[in-house]
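Take a look at the structure set out below.
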Amino acid sequence: MRPAPKNAGAGAAQPPVRPRRQRGGGAVPLPLLLPAVVGLAFLLVPLLALLVRAPWRNMPGLLTGSAVWQALRLSLETATAATAVAMVLGVPLAWLLARTRFPGRRLVRALVTLPLVLPPVVGGVALLLALGRNGIVGKWLDTWFGVTLPFTTAGVVVAEAFVAMPFLVISVEGTLRAADSRYEEAAATLGASRFTAFRRVTLPMIAPGVAAGAVLAWARALGEFGATITFAGSFPGRTQTMPLSVYLALQDDPDAAVALSLVLLAVSVAVLAGLRDRWTGAGTG
Numbered sequence: 001m002r003p004a005p006k007n008a009g010a011g012a013a014q015p016p017v018r019p020r021r022q023r024g025g026g027a028v029p030l031p032l033l034l035p036a037v038v039g040l041a042f043l044l045v046p047l048l049a050l051l052v053r054a055p056w057r058n059m060p061g062l063l064t065g066s067a068v069w070q071a072l073r074l075s076l077e078t079a080t081a082a083t084a085v086a087m088v089l090g091v092p093l094a095w096l097l098a099r100t101r102f103p104g105r106r107l108v109r110a111l112v113t114l115p116l117v118l119p120p121v122v123g124g125v126a127l128l129l130a131l132g133r134n135g136i137v138g139k140w141l142d143t144w145f146g147v148t149l150p151f152t153t154a155g156v157v158v159a160e161a162f163v164a165m166p167f168l169v170i171s172v173e174g175t176l177r178a179a180d181s182r183y184e185e186a187a188a189t190l191g192a193s194r195f196t197a198f199r200r201v202t203l204p205m206i207a208p209g210v211a212a213g214a215v216l217a218w219a220r221a222l223g224e225f226g227a228t229i230t231f232a233g234s235f236p237g238r239t240q241t242m243p244l245s246v247y248l249a250l251q252d253d254p255d256a257a258v259a260l261s262l263v264l265l266a267v268s269v270a271v272l273a274g275l276r277d278r279w280t281g282a283g284t285g
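So the sequence shown is numbered by the working numbering: it starts at 1 and just counts up by one.
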């Protein structure tokens, strides 16, 4: 019989064998590469065309008008207000969908996400029927409180919040489902109420998801057109936001429409890039 091989420590634990890390490099399959390139071109070519065909020489004169800055200021203010409304109402709604069980929860989730696929003009008509002066809720607002929402700046905020809030709800609900609920249970065992656990434990834990949803909601509100023009109209200085200004300028002055589109594009890209890198940490790579 051959003697067993000697080693320094027969009973010593052997170092674990680490699996080889799979690298993402290598050749890309042609059936995946071609659609990916076409998809990238489909998204970038219209934006490049906007940059190429822009009237750069006349840009200062086109953008110095008071109407442009008035529309931009109104767009920024209403989009920010709509995002605030979406956060106040959407975060509790997302928590309800993610942390509680009640009859019809799937139906409620479907109704919450309905504005994502609903044509914005249809949403504006629905808002008119609900919150208009003769709407099922609007007539009581007008009679009891003297509040009229259609064709006002507040109506712009309502229309933008209606179409933007689902983005926030979906983002926060997904973050809540991925978060570990044991921290909330531990807080409850220490005597914290459910609301205190949400405020002191859950909310800080899901803050990146809330920030990401808020950025998406803000960008969606900034570009809202259909529901706004249907529910709030287009009155300069009061309800005429940047998308409405672009649409109206396109009929009479295409160069002005391109200039306004570039301003809106620059603001959207700057906000999305800056806030996404700062709050969600997704800007690397």
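In this text, a Cβ means the ideal position worked out from N, Cα and C, and glycines have one as well.
How close, in whole Å, do the beta carbons of residue i and residue j come, if the pair is a contact with beta carbons under 8 Å?
i             : j             : result
arginine 238  : threonine 152 : 7 Å
glycine 170   : threonine 113 : Note that residue 170 is isoleucine in the sequence shown, not glycine. Their Cβ separation, rounded to whole angstroms, is 7 Å, which keeps isoleucine 170 and threonine 113 in contact under 8 Å.
serine 130    : valine 137    : It should be pointed out that residue 130 corresponds to alanine in this sequence rather than to serine. With 8 Å as the limit, alanine 130 and valine 137 qualify as a contact, their Cβ atoms being about 5 Å apart.
arginine 199  : alanine 164   : Wrong, their Cβ atoms sit about 24 Å apart, outside the cutoff.
threonine 91  : valine 172    : Threonine is not the amino acid found at residue 91; the sequence shown has valine there. Between valine 172 and valine 91 the Cβ distance is about 6 Å, and since that is below 8 Å, they are a contact.
aspartate 255 : proline 55    : 4 Å
leucine 128   : proline 150   : 6 Å
serine 75     : leucine 265   : About 13 Å; that fails the 8 Å criterion.
proline 236   : alanine 67    : 6 Å
Would you call the CB atoms of residue i and residue j closer than 8 Å?
i           : j              : result
leucine 63  : alanine 270    : no
alanine 232 : valine 246     : no
leucine 34  : alanine 86     : no
alanine 124 : alanine 227    : According to the sequence displayed, residue 124 carries glycine and not alanine. Yes, they are a contact pair.
valine 201  : alanine 187    : yes
alanine 179 : methionine 205 : yes
leucine 97  : arginine 105   : yes
Can you tell which of the options has its C-alpha closest to the C-alpha of residue i?
i             : options                        : result
leucine 116   : Gly146, Glu77, Glu160, Trp140  : Glu160
serine 261    : Phe42, Ala179, Pro243, Leu203  : Pro243
leucine 72    : Asp252, Ser268, Asp253, Thr241 : Thr241
glutamine 70  : Gly135, Ser234, Val45, Arg106  : Ser234
glutamate 77  : Gly155, Gly146, Ala36, Leu43   : Gly155
valine 88     : Phe42, Ala192, Pro166, Ala27   : Pro166
threonine 230 : Gly39, Val158, Arg53, Val45    : Val158
So, at 7 Å on beta carbons, what are the nonlocal neighbours of residue i in its own chain, with the 5 sequence-adjacent residues on each side left out?
i                 : result
tryptophan 95     : Leu176, Phe198
phenylalanine 162 : Pro115, Gly123, Leu127, Ala227
methionine 1      : Only weak support is given to the placement of methionine 1: the predicted model assigns it a pLDDT of 49, under 50, and the question is left unresolved by the model.
alanine 79        : Glu160, Trp218, Ala221, Leu222
alanine 249       : Ala256, Ala257, Leu260
Counting only the same chain and skipping the five closest in sequence on each side, list residues whose C-beta sits under 6 Å from that of residue i.
i                 : result
proline 31        : none
leucine 93        : Val169
glycine 135       : Leu129
glycine 285       : Here glycine 285 scores only 44 on pLDDT, less than 50, and its place in the model is too uncertain to base an answer on.
tyrosine 183      : Val201
alanine 273       : none
phenylalanine 225 : Pro243
If I measure Cβ to Cβ from residue i and keep anything under 8 Å in the same chain, skipping five residues before and after, which residues do I get?
i            : result
leucine 51   : Leu262
arginine 133 : Lys139, Asp142, Thr148, Pro150
serine 268   : Ala219, Leu222, Gly223
alanine 8    : Annotation note: pLDDT 49 at alanine 8 (below 50); position unreliable, no value reported.
proline 47   : Checking the sequence, you will find leucine at residue 47 rather than proline. Closer than 8 Å at the Cβ level, and outside the excluded window around leucine 47, lie Leu265.
Should the segment 211-219 be called in touch with the segment 66-83, which here means at least 3 C-beta pairs below 8 Å? yes
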